[in-house]
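Since the structure comes first, as structure tokens, the remarks are kept for the end.
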Amino acid sequence: MKEYLSRSVEETREYARQFAAGLQPGDVVSLSGQLGAGKTEFMRGIAQVFNCDDQLTSPSFSIFNIYKGRLKKQPVKLQHFDLYRIETSLELEGLGFGEYVDGPAISVVEWGEKFPDELPGNTKKVFIEAVGENERRIVIDEL
Ligand SMILES: Nc1ncnc2c1ncn2[C@@H]1O[C@H](COP(=O)(O)OP(=O)(O)OP(=O)(O)O)[C@@H](O)[C@H]1O
Ligand SMILES: [Mg+2]
243 MKEYLSRSVE ETREYARQFA AGLQPGDVVS LSGQLGAGKT EFMRGIAQVF NCDDQLTSPS
303 FSIFNIYKGR LKKQPVKLQH FDLYRIETSL ELEGLGFGEY VDGPAISVVE WGEKFPDELP
363 GNTKKVFIEA VGENERRIVI DEL
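Our numbering puts the last residue of the sequence shown at 385; the count rises by one with no breaks.
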């Protein structure tokens, strides 16, 4: 378990970039924390590492976005889920969530702790907590 104190959005993204450097295809990352904790900012740092500038799916479909990125000239697919508005496991299964996270892409899941049974056992867990206006405690549990 690793713990960090971020003092700005940029610092949060930097911790996310360091974390993302260790990710492999097929990895699943769960991002937990209250509304506005900084989960999406952490995701932005991850996306920077994989050079995900073009977005494959519509940003208005905010539950699930796929980004086509690359690392060292190799293509990398990054899947970003936001389960805040999902209410039941059935709804999640209807979106094909299980098949997506079992695939070769890297998956990042906000609010995944709502459905612990839907996440693979080796999911890497990141917890973000606001401890001040711009301070965030980031705990990374990589198992
Ligand atoms: N150190 C920090 N790290 C990350 N975000 C910060 C920090 N300090 C302030 N912020 C602010 O906190 C907010 C974080 O928003 P973000 O969308 O990343 O949260 P979230 O956890 O994804 O929320 P949601 O559950 O609504 O999706 C932004 O407005 C950002 O500017
Ligand atoms: Mg978010």
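Glycine included, every Cβ here is placed at the ideal spot set by N, Cα and C. All of these numbers come straight from a predicted model, not from anything done at the bench.
Check: Among G354, I308, Q266, L273, the one whose alpha carbon lies nearest that of H322; Outcome: I308
Check: Cα-Cα separation, R312 to Q290; Outcome: 10 Å
Check: Heavy atom of ligand 1 within 7 Å of G363 beta-carbon; Outcome: no
Check: Closer than 7 Å: E352 CB and nearest ligand 2 heavy atom; Outcome: yes
Check: Own chain, CB closer than 7 Å to E371, minus 5 neighbours either side, in chain order; Outcome: G275, A279, R378, R379
Check: 6 Å CB neighbourhood of E252 in its chain, flanking five on each side removed; Outcome: none
Check: Option in Q260, S250, F284 with minimal Cα separation from F369; Outcome: F284
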